[in-house]
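One structure below.
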Ligand code: G4P
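Residue numbers (the working numbering): 1 to 534.
Have a look at this one:
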């Protein structure tokens with residue numbers, strides 16, 4: 001192997017790329033901030049997101065995010081820690097989220113799930129988790145806020161197992177919580193780390209470590225907690241799943257950690273265990289094989305397109321995950337779907353607060369490149385001598401629908417252009433009436449906030465006012481075999497509506513979920529799917 005290849009291999013081995021997911025307020029931002037703090041990417045905690053203050057999160061780009069103080073779009077950040085180069089993919093922290101969130105998970109090799117210890121598994125975690133399950137990606141759980149009153153840890157684990165359908169293996173175990181939070185016991189090093197709150201910018205927690213069989217334990221955590229801990233250890237060693245890394249890697253078993261992000265407790269140990277347990281970038285499937293991340297030739301796929309991050313430039317940025325080899329600024333690549341060779345100009349990466357131009361990047365990294373309007377989500381880029389396609393990113397079923405009209409009929413052109421461009425970025429999906437053209441547009445979104453984003457962006461970027469009329473449908477199905485059934489003659493239910501997408505593929509909308517089954521019963525030849533073809 002040449003020296004250059006060797007260097008590339010070393011760089012790729014250092015990469016860890018994960019998405020961080022949680023229900024709003026569980027502590028995702030706080031945990032991310034502490035990671036960046038340990039990595040030296042930021043100096044003071046509290047700079048990632050000023051929360052209720054007027055400051056804005058690192059990942060807040062769009063105006064609407066600033067106005068509402070929420071993170072609508074997902075973003076990526078990179079930092080170094082202990083010889084690793086870590087890419088964190090952030091997912092929107094608002095309860096309304098979009099397909100962007102789902103797609104971001106497609107660019108990650110593993111996921112960190114943050115759970116509020118007083119609340120347990122919440123609605124949004126379930127939805128996101130299903131995507132992780134679909135992709136078989138490893139999930140690491142951080143149960144947060146143990147410095148406050150929390151639920152019984154056994155109950156929390158049972159809930160994760162039951163609701164999410166994954167087994168758990170606690171790596172550490174809490175001793176008390178809230179005012180009587182004594183610390184955690186590491187089941188593998190068999191040590192107790194005592195809890196000391198270190199707020200704000202403190203880098204290291206002033207905690208003490210004791211072997212569980214040391215004579216001092218009684219005096220440190222108290223007799224009662226010591227006895228409870230002995231019982232817990234016995235129970236856990238006897239009854240919980242073993243930490244089988246093979247099962248972790250296929251997303252069957254989640255290592256669980258307890259801690260408190262706000263007080264810096266358990267964060268660094270979590271990061272250290274996590275980095276040891278996760279793998280360097282994984283191979284990616286193409287339509288006819290797999291691509292090894294360590295092969296020298298560059299390849300990447302686009303998982304997100306974002307418009308107008310910088311209003312002054314009206315730019316569009318295509319975010320891509322590098323899947324193999326090394327990227328060098330200005331390199332010529334083959335844009336497979338576009339059928340053209342292109343030069344990737346001004347590649348950017350996010351490093352804590354700043355966007356910077358990258359000169360080189362490696363498999364596992366996320367880069368954003370200027371998009372003159374040629375990229376679509378799921379597109380493959382590869383070395384100019386090659387031509388293959390990564391497997392497509394599925395279109396997720398929208399759950400909210402609305403009919404959209406422009407107020408001023410003279411602005412028809414801008415309106416059509418606007419909704420089409422926003423749909424291309426993947427923020428919304430657009431449909432038409434089954435028997436007519438673009439005169440009526442039906443918009444489908446995964447999270448209702450996207451309706452607001454659409455209205456806002458049409459007004460600000462395309463100068464078009466629109467009226468949205470919400471529709472009662474909640475379930476959408478693609479007709480999988482339109483060649484075999486006459487869609488116009490499907491025996492429907494009273495709550496069924498026929499529509500088509502922009503490629504004229506027929507779809508059905510339903511108000512009630514049971515109608516889906518009824519329509520399938522009435523039309524035996526009909527095949528329906530929840531996911532659109534990418
Ligand atoms: P999110 O990104 O998942 O939405 O959550 P975020 O980190 O913004 O945290 C939500 C709230 O929970 C914040 O309080 C934060 O300080 C608090 N929090 C996070 N981790 C912990 C923890 O380990 N223990 C405790 N006790 N609280 C925690 P806030 O009042 O909304 O914001 P702020 O006024 O504190 O900035």
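Beta carbons: idealized from backbone N, C-alpha and C, even for Gly.
Residue i vs residue j beta-carbon contact at 8 Å
i, j, result
"residue 392", "residue 319", "no"
"residue 171", "residue 151", "no"
"residue 336", "residue 395", "no"
"residue 415", "residue 464", "yes"
"residue 129", "residue 270", "no"
"residue 146", "residue 259", "yes"
"residue 377", "residue 103", "yes"
"residue 125", "residue 254", "no"
"residue 36", "residue 84", "no"
"residue 34", "residue 264", "yes"
"residue 282", "residue 169", "no"
"residue 500", "residue 432", "yes"
"residue 286", "residue 390", "yes"
"residue 487", "residue 498", "yes"
"residue 138", "residue 110", "yes"
"residue 191", "residue 210", "yes"
"residue 38", "residue 268", "yes"
"residue 291", "residue 221", "no"
"residue 183", "residue 156", "no"
"residue 397", "residue 530", "yes"
Secondary structure of residue i, DSSP reduced to three states
i, result
"residue 403", "strand"
"residue 536", "Residue numbering for the chain in the displayed model covers 1 to 534; residue 536 lies beyond these limits and cannot be assessed."
"residue 396", "coil"
"residue 153", "helix"
"residue 104", "helix"
"residue 351", "Model confidence at residue 351 stands at a pLDDT of 49, short of 50, so the residue's coordinates are unreliable and nothing is read from them."
"residue 211", "strand"
"residue 218", "helix"
"residue 28", "helix"
"residue 121", "coil"
"residue 488", "helix"
"residue 282", "coil"
"residue 7", "helix"
"residue 494", "coil"
"residue 202", "Reliability fails at residue 202, whose pLDDT of 48 lies under 50, so the model's placement of it is uncertain and no value is given."
"residue 305", "strand"
"residue 177", "coil"
"residue 361", "strand"
"residue 86", "strand"
"residue 23", "coil"
"residue 110", "strand"
"residue 191", "strand"
Spatial distance of residue i from residue j (CA atoms)
i, j, result
"residue 510", "residue 386", "44 Å"
"residue 523", "residue 491", "6 Å"
"residue 295", "residue 363", "9 Å"
"residue 332", "residue 360", "13 Å"
"residue 327", "residue 238", "49 Å"
"residue 375", "residue 521", "41 Å"
"residue 284", "residue 358", "23 Å"
"residue 159", "residue 229", "21 Å"
"residue 30", "residue 107", "22 Å"
"residue 411", "residue 442", "18 Å"
"residue 472", "residue 434", "17 Å"
"residue 403", "residue 303", "27 Å"
"residue 423", "residue 4", "41 Å"
"residue 341", "residue 297", "15 Å"
"residue 493", "residue 517", "10 Å"
"residue 525", "residue 481", "9 Å"
"residue 246", "residue 167", "13 Å"
"residue 165", "residue 127", "12 Å"
"residue 234", "residue 474", "48 Å"
"residue 275", "residue 82", "9 Å"
Inter-residue CB distance, residue i and residue j (contact presumed, cutoff 8 Å)
i, j, result
"residue 323", "residue 293", "6 Å"
"residue 261", "residue 116", "Their Cβ separation, rounded to whole angstroms, is 10 Å, which puts residue 261 and residue 116 out of contact at 8 Å."
"residue 89", "residue 195", "About 30 Å; that fails the 8 Å criterion."
"residue 507", "residue 479", "7 Å"
"residue 428", "residue 454", "6 Å"
"residue 515", "residue 382", "Rounded, the Cβ-Cβ distance is 44 Å, inconsistent with contact."
"residue 305", "residue 425", "4 Å"
"residue 334", "residue 384", "5 Å"
"residue 251", "residue 132", "6 Å"
"residue 207", "residue 193", "5 Å"
"residue 373", "residue 457", "16 Å between Cβ atoms; not a contact."
Short CB-CB distance (under 8 Å) between residue i and chain C
i, result
"residue 114", "Protein chains in the displayed structure number just one, and chain C is not present."
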